[in-house]
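Worksheet: one structure, shown below.
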Amino acid sequence: MDPILLRAKQVQDLPTFRRGSSTSVIDFIFCSPDLAPLISAPWTDPALLSIHLTTKPRRTSPYWRARPQLSALPAFQSHLFKALAASKSASTTDSPQEQWDAVKEVIKKVPQQIGHKRTPFLQRSLRHLQSRRTQLLRQSKASPWSRTLLLPDLLQVESSIARVQ
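Quick note, the sequence shown lines up with residues 1 to 165 if you use the working numbering.
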């Protein structure tokens, strides 16, 4: 057997974590640039090897949420199903974790693409509805009876605004 492989096998058997008399081997480490300031000097073990990890820079906020209204659109549903099918057929990995990560990526990209195309339309619709609401509120201030007459229209406009937002 190759001496390098023998040494690698011996290194794999060495414990990487020690607490009291208990030892274990750490198989994987979750890393993030956010964790760097959290590592305290007393926690470190001088026997550990150092490693330089490069992570992808974050371009956007880590928090993202799709509009629930998108799921009701047939065009969105069709696009999502096609993207998931294409992702599944293009998948070359057997790892369940990698498959799940690929599914999550597709589920994130599709609403972003569809939502990006719909944003100008939604903004115009929202401006129009807000303008209509302002108009109804001004008309309702004219007299007490007009407020009663305009209330159903006002409620309908406000529910439309809530759906768009």
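Just so you know, even glycine gets a beta-carbon here, dropped at the ideal spot from N, CA and C.
In this text, all values refer to a predicted model and were calculated from it rather than measured experimentally.
| message | Taking its Cβ as the centre, do 16 or more other Cβ atoms sit within 10 Å of P74, making it buried, or is it exposed? | response | Its Cβ having fewer than 16 others within 10 Å, P74 is exposed.
Review point. Which two residues bound the contiguous alpha helix (DSSP H) that contains S146?
Key: Element bounds for S146: P144 to V164.
- Query: How many angstroms separate the CA atom of L122 from the CA atom of V164?
  - Reply: Straight through space, the alpha carbons of V164 and L122 are spaced by roughly 6 Å.
- Could you name each continuous beta strand (DSSP E) segment of 3 residues or more that falls completely within the segment 55-112, going from the start of the chain to the end? DSSP runs (the beta strand (DSSP E)) wholly in the segment 55-112: none.
Worksheet item: Do G115 and R67 have their C-beta atoms closer together than 8 Å?
Response: Between G115 and R67, the C-beta spacing is below 8 Å.
Does DSSP put S22 in a helix, a strand or coil?
Per DSSP, reduced to three states, the secondary structure at S22 is strand.
Using a Cβ-Cβ cutoff of less than 8 Å, which residues in the same chain neighbour T93 once the five nearest sequence positions on both sides are dropped?
Within the same chain, and ignoring the five residues on either side of T93 in sequence, the residues whose Cβ sits closer than 8 Å to its Cβ are Q99 and A102.
Report task. Apply the 10 Å Cβ neighbour rule to L155 and answer buried if 16 or more other Cβ atoms are within range, or exposed otherwise. Result -> Taking all protein chains in view, the Cβ of L155 is surrounded by fewer than 16 other Cβ atoms within 10 Å, so the residue is classified as exposed.
Nearest to Q112 (by Cα), restricted to the options P96, S159, H79 and V25: Out of P96, S159, H79 and V25, H79 has the C-alpha closest to the C-alpha of Q112.
- Through-space distance from S160 to T148, alpha-carbon basis: Computed Cα separation, rounded: 20 Å.
Rounded Cβ spacing between L70 and F76 (contact assumed at less than 8 Å): Beta-carbon to beta-carbon, L70 and F76 are separated by about 5 Å, close enough to satisfy the 8 Å threshold.
| request: Find the nearest neighbour of H128 within the set S21, V157, R18 and G20, judged by alpha-carbon distance. | output: Of the candidates S21, V157, R18 and G20, the one whose C-alpha sits nearest the C-alpha of H128 is V157.
- Out of curiosity, what's the CA-to-CA distance linking K88 and V106? A straight-line Cα-Cα distance of about 10 Å links K88 and V106.
Nonlocal neighbours in the same chain, by C-beta distance under 8 Å from Q139, ignoring five residues either side:
The answer, listed in chain order, is S146 and L150.
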